[in-house]
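Trainee: Here it is, the structure in full.
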Amino acid sequence: MSVNSHKHRVDKQTAIIVKTKPGSVVSEQFRTVRTNIQYSMVDKSLKSIVITSAVQGAGKSFVAANLSSTFALENKRVLLVDADLRKPTVHRTFNFNNHSGLTTLLTHPNEALSDLVYLTDMGNLSVLTSGPIPPNPSELLATKRMEELIEMMESEYDLVIFDMPPILAVTDAQIMSGRVDGVIFVIPNGKATKDEVMKSKKMLDMIHANVIGAVMNRMVPSKHSHYYYKE
Numbered sequence: 500m501s502v503n504s505h506k507h508r509v510d511k512q513t514a515i516i517v518k519t520k521p522g523s524v525v526s527e528q529f530r531t532v533r534t535n536i537q538y539s540m541v542d543k544s545l546k547s548i549v550i551t552s553a554v555q556g557a558g559k560s561f562v563a564a565n566l567s568s569t570f571a572l573e574n575k576r577v578l579l580v581d582a583d584l585r586k587p588t589v590h591r592t593f594n595f596n597n598h599s600g601l602t603t604l605l606t607h608p609n610e611a612l613s614d615l616v617y618l619t620d621m622g623n624l625s626v627l628t629s630g631p632i633p634p635n636p637s638e639l640l641a642t643k644r645m646e647e648l649i650e651m652m653e654s655e656y657d658l659v660i661f662d663m664p665p666i667l668a669v670t671d672a673q674i675m676s677g678r679v680d681g682v683i684f685v686i687p688n689g690k691a692t693k694d695e696v697m698k699s700k701k702m703l704d705m706i707h708a709n710v711i712g713a714v715m716n717r718m719v720p721s722k723h724s725h726y727y728y729k730e
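As numbered in my numbering, residues 500 to 730 make up the sequence shown, in order.
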């Protein structure tokens, strides 16, 4: 895979706690999530995952970035895709510019994936930023071109993780959840109501999404884990 010469490696990733604080409780919990996902992959292919939530502020982008990094640290070739085409944040997490990215690939079929991805200093982790925010995110994600891109990404990487908007806010995550192998739902402690979580689950069930687990986020710090994964 080639990378544009003007694109640099990241020297400091303060939001990537599994790299900066590998011995922390949170890092250990991300490794537990990784292990549980690997068990989910034993009997079936799991090449692409959507990470979403019910509401804003759930910390889904933090989970997506750290889970991607956790797999990369185990020598998996991982591509983290910022598919939140409304409020993208992945480029800021990794200190990349966002002049081009997923929307570029969706609107310019002649552009090559390998020319637009960034390679992080973890080596095995690549990042595709969102690109310019479009006026029609849902329509772009529902195109045949997006299906082709998912297939291309799956063929080039061991795992592709899509950071998506909250499912109750817009239809983007619902569209993508029906096109990937699995969905991880981020539930922020004390922020999302039971009704919001149940409504989100029903929306995913409607499109027969494969919800492989949930991550409880923003738990009160204690001697116990900050994150909890449940299949």
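The beta carbon of each residue, even a glycine, is placed where N, CA and C say it ideally should be.
Kindly indicate the opening and closing residues of the beta strand (DSSP E) around L624.
Mentor: It spans L624 to L627 - the beta strand (DSSP E) in which L624 sits, taken as one unbroken run.
Trainee: Taking C-beta to C-beta, are D581 and L601 nearer than 8 Å?
Mentor: Their beta carbons are under 8 Å apart, which means D581 touches L601 by this criterion.
Trainee: I'd like to know whether the C-beta atoms of S539 and I711 end up nearer to each other than 8 Å.
Mentor: It is a contact, given that the beta carbons lie within the stated cut-off.
Trainee: Evaluate contact between the region 519-529 and the region 632-648, counting only Cβ atoms and requiring at least three cross-stretch pairs below 8 Å.
Mentor: Because the criterion of three Cβ pairs below 8 Å is not met, the region 519-529 and the region 632-648 do not touch.
Trainee: Spatial neighbours of N597 within its chain, please: CB distance less than 7 Å, with the 5 preceding and 5 following residues excluded, ordered by chain position.
Mentor: Excluding sequence neighbours, N597 sits near P587, H590, T628, S629 and G630.
Trainee: Check this for me: beta carbons of L604 and L618, under 8 Å apart or not?
Mentor: The answer is no: Cβ separation not under 8 Å.
Trainee: What's the gap between the Cα of H507 and the Cα of S599?
Mentor: With a pLDDT of 37 at H507, under the threshold of 50, the modelled position of this residue cannot be trusted, and the question is left open.
Trainee: Looking at the ligand GDP, does it come within less than 7 Å of P636, judged from the CB to the closest heavy atom?
Mentor: Ligands displayed in this structure: none; no statement on the ligand GDP is therefore possible.
Trainee: Whose CA, out of N565, K543, V532 and S552, lies closest to the CA of K520?
Mentor: For the residues N565, K543, V532 and S552, the minimum Cα distance to K520 belongs to N565.
Trainee: Can you tell me which of K546, A553, I516 and E638 puts its alpha carbon nearest to the alpha carbon of K693?
Mentor: It is A553.
Trainee: Considering only residues of the region 517-573, which uninterrupted beta strand (DSSP E) runs meet the minimum length of 3 residues and lie entirely inside it, listed in chain order?
Mentor: Counting whole runs of 3 or more residues, the region 517-573 contains the beta strand (DSSP E) stretches 547-552.
Trainee: Output the boundary residues of the alpha helix (DSSP H) element that contains D583.
Mentor: Here D583 belongs to no alpha helix (DSSP H), and DSSP marks it neither H nor E.
Trainee: The beta strand (DSSP E) with A713 in it runs from where to where?
Mentor: A713 -> beta strand (DSSP E) spans V710 to N716.
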